[in-house]
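Protein chains in written order, with my numbering: chain A, 5 to 454; chain B, 5 to 454.
Cβ atoms here follow ideal geometry from the backbone N, Cα and C, with glycine treated the same way.
These figures come from a predicted structure and were not determined experimentally.
Here the structure comes first, spelled out in structure tokens, and everything after it is commentary.
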């Protein structure tokens, strides 16, 4: 999806000869062949300090390498909390002309942000993510990129993970350290707490100015590039599990389930296992050929009941049961993971039934989560009402807010609820702040959060 | 390919209720659902110290995190140089019975081994790799796994990267720190230096004894597991570029080239670009449908000559040229990246011709590299001969060696050549060491190395 978009000059005469100096040739050729990007884990501390807000924001969460190869380092190395600084240091060397733009680089990697209290997937000192970093010639292109990334994240959540989200803009306090503006998607968890599911940042020219990423425009002038960065982390797995799971384990939406259906032959002690297993294998093949991800559980232990539980815990959307009775009647039993419902169907109807069932489960998981989210999104007209909601049901609160950071801090201190975002579709109003009574123009989303 | 192979008990009653305590339910369910493995980047220093040889081997190359979240750490964290210690600490908790075996885990990640002098891809402080870590019930299964991994690596190199390798066993000095035995594949670079391309380690019970990874055998006894670990790194890319590249850039073997053929429309200034581009698009579609990875270079700048050079530097195996003359004659021109040879063929013959050409290039690259390797593999009957080879042509030397570490060290000091491996197919002889004259039973491979 992403190319380096580089437009370097390739002059044959610049290349060293392999036969004359293998070492020079090697370095030369690799740099010119432009392999895909992977930036280093370690960032010199001095580089991180270049963007003032950025370093201030990340300082409390840094892990510092002070000893390397047995020696104390003069300039400590930061284990990357995010890669803006190390990547943009290179962007300044790579970008010269409008022809080099847009530069679109994405990398999948691990990052470190020190956490005192960790929580599986949701708050961890190390996490895995993708981070996209782009540079553009114009402010408009820049903004289009920010919103495209946000829309991809919304689609991943709503269309694949079946997790409904609110799209919006972060407040000045809550935005990414160094960004001009941060866009976010926010999900609501079953305990009424919000989860910031992914963010897309409009960096404007903040970083390009401190890293000196300049380019020659089409009409011969010089300008700083406009930049974006955006990331999606392993945190989404936590949100997915919390949203759909039940007392029997996690529930995976069919679209992303690695196994969509588990086939369970139910053997009798003295029954004809061979015929049963042959039938299961036929079913597996038929379903696989229709693009359904299927596995047959042919194990003889633990007991069938235990194995049912095991696949339920793992969240496999459909369980197919087949025993001697079904074999004789040429039927199969299908059990839904999300509702527990069981149906017996004729074997010849299996493909259409399973496809329909998978669609139903996908839709039903989303609808259920959306209903919960909508039921738990409340308008608070007064601060008393606001506090009452946060003391009881929690969930999202929609409330008019003056956009003043001090007011935001007080609300957070008193209710533990922070601003989550200003929704993209919020309408302008002429009103007053729910807390301080000063003029307010928009209803923001508030919630306690992970 | 790899499953956790776990066989934990899934008792419904053990699961917490989601409605009662979301937080407990969440932790519980995630642990029971057994997501795929990813082990942490940071390893407590105390954990690394458990296996004596292991920590001694890696100590000079460690990066230490001493400050985290603004505070000095009591137990410094090692940025993983390899993951044996952190993984096996968990294996001890997961493995209890022969039913839990084999445990087969592979992870793709980044590791850090401090280097004073770095060299693109070949010697870097950070590198990317996959590391496989397995545990088995018997010594035989363990050995089978070690050799299977080695064979995968040989196939990757010879059948895909077209890089011939020698498979063998490392000497005691050169083996992995903590292993019982290390198996290796060794390639020969154009400057006559060897490259250790990948390794597979038989860990025996060395780690299981210090990490206390015990299991109950089928007959009710208790034993330590038998373990293997094996890795393939980004270093292979360096070996690939060095082996096949020429004065015009890198050359990618067709089987692994992301673009196997670049289609270059050669536009005349006032020619009919539209028809030409339509034809190129048709060709792209036809070839893509036959499973060939093709791209059309529709750019208008830089010049055609520059763009030819650009694709040559990047190593694309075949260039297809088509201009007005070819359009009129219903032909295309194909140019081979490896030999520079050009042929004009009828358009209707394109699929069979390109498929044959790709196979030819793949084979030819391997044959050329193998001939170079064979031509540069020499028997040294005397130490004088040994020294003379290392002072002139270099390359692999096959020589009788006593297997004494002190003798090996002297040879290395005097000739810069280290033992590379004892080839798998080496025959037993009754002879004397090429250097010290003591009894020697096998011919080892020696070379200077990266």
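Measuring C-alpha to C-alpha distances from residue 312 of chain B to each of B:402, B:268 and B:429 identifies B:268 as the nearest. Secondary structure note for residue 190 of chain A: its beta strand (DSSP E) is the uninterrupted segment 185 to 192. DSSP places residue 433 of chain B in the coil class of the three-state scheme, outside both helix and strand. Nearest neighbour of residue 382 of chain A by Cα position, chosen from A:116, A:448 and A:222, turns out to be A:448. Taking a 10 Å sphere around the C-beta of residue 87 of chain B, we find 16 or more other C-beta atoms and assign the residue as buried. Across the structure, residue 175 of chain A and residue 354 of chain A are spaced so that their CA atoms are roughly 51 Å apart.
Between the segment 361 to 380 of chain A and the segment 418 to 432 of chain A there are fewer than three C-beta pairs closer than 8 Å, too few to call the two in contact. Under the 10 Å beta carbon count, residue 112 of chain B is surrounded by fewer than 16 other beta carbons and is classified as exposed. Under DSSP, residue 123 of chain A forms a beta bridge with A:127.
The DSSP-derived three-state label of residue 406 of chain A is coil. Between the alpha carbons of residue 388 of chain A and residue 133 of chain B lies a distance of about 56 Å. Contact between residue 318 of chain A and residue 41 of chain B does not hold, since the beta-carbon distance rounds to 15 Å and is not under 8 Å.
Residue 226 of chain A: member of the beta strand (DSSP E) spanning 226 to 228, first to last residue. Within the segment 347 to 382 of chain A, complete beta strand (DSSP E) segments of at least 3 residues are not found at all. Close partners of residue 65 of chain B in chain A (Cβ separation under 8 Å): 73. With a cutoff of 8 Å on beta-carbon distance, residue 265 of chain A and residue 331 of chain A are scored as not near each other. Interface annotation, residue 454 of chain A: not in contact with chain B, CB-CB separation never under 8 Å. If you check the CB distance, residue 253 of chain B and residue 304 of chain B do not come in under 8 Å. A distance below 8 Å between beta-carbons, with the five flanking residues on each side excluded, links residue 179 of chain A to the following residues of its chain, in chain order: 185, 186 and 205.
Note that the segment 96 to 111 of chain A touches the segment 127 to 146 of chain A; at least 3 beta-carbon pairs, one per stretch, sit closer than 8 Å.
Note on residue 22 of chain B: 16 or more other CB atoms within 10 angstroms of its CB, so buried under the neighbour-count rule. Judged by pairs of C-beta atoms under 8 Å, the segment 141 to 155 of chain B does not touch the segment 361 to 375 of chain B, as fewer than three such pairs exist.
Residue burial annotation: residue 85 of chain A is buried, with at least 16 other C-beta atoms found within 10 angstroms of its C-beta. Per DSSP, the continuous beta strand (DSSP E) segment holding residue 425 of chain B begins and ends at 422 to 427. One finds 19, 33, 36 and 37 in chain A with Cβ atoms closer than 8 Å to the Cβ of residue 253 of chain B, taken in chain order. Within the segment 127 to 146 of chain A, contact with chain B at the beta-carbon level (separation under 8 Å) is assigned to 129, 130 and 132. For a Cβ distance threshold of 7 Å, residue set 67, 68, 69 and 83 of chain A lies close to residue 69 of chain B, ordered along the chain. For residue 118 of chain B and residue 343 of chain B, the gap between their C-alpha atoms comes out near 40 Å. When the beta-carbon positions are compared, residue 451 of chain B and residue 197 of chain B come within less than 8 Å of each other. By the criterion of a C-beta distance shorter than 8 Å, residue 433 of chain B is surrounded in its chain by 404, 444, 445, 446 and 447, once the five residues flanking it on both sides are discounted. The beta carbon of residue 263 of chain A lies closer than 6 Å to those of 297, 299 and 320 in the same chain, with the five residues before and after it left out.
Residue 159 of chain B is not a Cβ neighbour of residue 257 of chain B, given a cutoff of 8 Å. A check of alpha carbon separations from residue 270 of chain B across B:290, B:235, B:244 and B:306 identifies B:306 as the nearest. In this structure, residue 130 of chain B lies near residue 45 of chain A, with their beta-carbon atoms less than 8 Å apart. The residue among A:35, A:120, A:183 and A:48 with its C-alpha nearest the C-alpha of residue 97 of chain A is A:35. Taking 8 Å as the Cβ-Cβ cut-off, the segment 246 to 271 of chain A approaches chain B at 246, 249, 250, 251, 252, 253 and 254, given in chain order.
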